[in-house]
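> Mind having a look at this structure? Questions to follow.
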């Protein structure tokens, strides 16, 4: 299908991050796509622990909320609506100090799912 209505998709628990939910929009497995796209929802007080994506760049666009992010080599900065971030593959990063429910559009190239 060439389009998706977000309200038709269900939130699913993130497979590795407790309390984090995802809405898969596009994936290699389901859509034979060369990219993985999903919405990420982290509740106030939650966090995304430090991790690395060994084979994919992680591209994040913040839609809602307020948090902090750390990227190895770049340091710490605020995540607020309108912020665009590219985390290169093999780079440690984390999202924490989530002051408001956090919603972001997240893209992985090449795909992870």
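Numbering (the working numbering), first residue to last: 106 to 218. Using N, Cα and C, we set each Cβ at its ideal position, and we do this for glycine too.
Which runs of the beta strand (DSSP E) spanning at least 3 residues fall entirely within the segment 129–175, listed in chain order?
141–147, 153–156
> Taking 6 Å as the limit between beta carbons, can you name the residues of its chain near residue 206, skipping five residues before and five after?
Counting only residues of its own chain and dropping the five nearest sequence neighbours on each side, residue 206 has a CB closer than 6 Å to the CB of 148, 149, 170.
> Quick one: is residue 216 buried, meaning 16 or more other Cβ sit within 10 Å of its Cβ, or exposed?
buried
> Any beta-carbon of chain D closer than 9 Å to the one on residue 153?
Absent from the structure is chain D; it holds one protein chain and no more.
> Is it the case that the Cβ atoms of residue 156 and residue 194 are separated by a distance below 9 Å?
no
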